[in-house]
Amino acid sequence: MADNPSAPLSSSPDSSAHARQRRRRIGVVIALAAVVVLVLLSAFVWPHWAVRSQQPDAQAQTSASSRPSQASPKAKAAPLPDSASELLKAMPDTVGGFARVKADSDSEWSTRTPIEEYSLVYSTGRSGGDVTLHLAQWSRSEDAKALYDSQSTGMSGKELASGKVRSGGTVTGSYLEKADGDDEHKALVIWQNDTVVFRAQGQRTALEAFYKAFPL
1 MADNPSAPLS SSPDSSAHAR QRRRRIGVVI ALAAVVVLVL LSAFVWPHWA VRSQQPDAQA
61 QTSASSRPSQ ASPKAKAAPL PDSASELLKA MPDTVGGFAR VKADSDSEWS TRTPIEEYSL
121 VYSTGRSGGD VTLHLAQWSR SEDAKALYDS QSTGMSGKEL ASGKVRSGGT VTGSYLEKAD
181 GDDEHKALVI WQNDTVVFRA QGQRTALEAF YKAFPL
């Protein structure tokens with residue numbers, strides 16, 4: 001019997017196996033592509049991927065900044081009178097380990113005609129821990145500087161520190177610290193901040209701890 005040229009040819013076993021392997025490879029590639037797409041989507045939907053979360057660092061900074069000061073005054077801050085001026089109210093109740101235990105009007109610099117003048121005492125409540133703070137305010141910074149220059153020139157004793165006072169990056173005055181001419185264990189520091197002049201004095205260790213922590 002003659003061969004029928006129109007009859008379909010049967011597939012060989014090798015070609016069938018090859019086709020199955022090819023289909024499996026295509027399936028694997030499609031599956032891998034799907035996984036990659038899911039990972040990329042997750043990177044932008046879930047904040048801990050792709051862009052590292054900043055929350056842990058922020059929490060650490062907040063925790064550090066919110067820790068209470070290790071130095072706490074043994075003395076209790078005395079309340080200011082109801083009639084206290086804005087300048088007097090600006091004087092902190094506590095400065096590091098010091099508490100304001102006294103605040104009185106004063107007139108030591110009255111010849112320089114300040115608007116207001118006060119004498120305050122800050123104390124740790126421990127022996128040798130008192131610092132006397134004298135301050136006055138003028139309407140012009142030039143008048144405050146004139147008083148500062150006069151006082152700083154008249155200070156005797158060894159110079160311990162000096163420099164510029166800055167507020168928000170702007171120079172608003174100067175400061176000078178000197179040892180007490182009569183007692184090397186004591187010191188005093190005077191500084192001008194715009195229209196206000198401050199002078200603090202006490203035991204050197206206490207004084208330096210106080211004025212370096214004083215916010216004004």
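When we follow UniProt numbering, the leftmost residue of the sequence shown carries the number 1, and every step to the right adds one.
Every residue, glycine too, gets a C-beta built ideally from N, C-alpha and C.
Spatial distance of residue i from residue j (CA atoms)
i	j	result
S65	T111	The predicted model places S65 with a pLDDT of 33, which falls under 50 and marks its position as unreliable; any figure quoted below should be read in that light. Roughly 44 Å between the two C-alpha positions.
W109	S123	24 Å
A144	S72	33 Å
L207	R199	11 Å
L135	V197	6 Å
K74	A209	15 Å
D202	V121	The sequence as given places Gly at residue 202; Asp does not occur at that position. Looking at the two C-alpha atoms, the distance is approximately 10 Å.
T132	I190	12 Å
V171	A78	32 Å
P114	S174	19 Å
D104	E86	14 Å
K102	L216	18 Å
Among the options, nearest to residue i - alpha-carbon criterion
i	options	result
R204	P79, S85 and D182	D182
D130	G97, A146 and S150	G97
G169	D149, N193, H185 and A146	N193
F214	P114, H185, R100 and D104	R100
S156	L216, E86 and K186	K186
First through last residue of the beta strand (DSSP E) which encompasses residue i
i	result
R204	Looking at the DSSP string, R204 is not in any beta strand (DSSP E); the run it does join, the alpha helix (DSSP H), is R204 to A213.
A77	Where A77 is concerned, there is no enclosing beta strand (DSSP E), given that its DSSP letter is neither H nor E.
S162	E159 to S167
T172	T170 to A179
D130	D130 to Q137
Residue i vs residue j beta-carbon contact at 8 Å
i	j	result
S152	L176	yes
S127	E117	no
A179	K212	no
T94	Q137	no
Can you check the stretch 82-127 for any alpha helix (DSSP H) of at least 4 residues that lies completely inside it and give the ranges in chain order?
86-89
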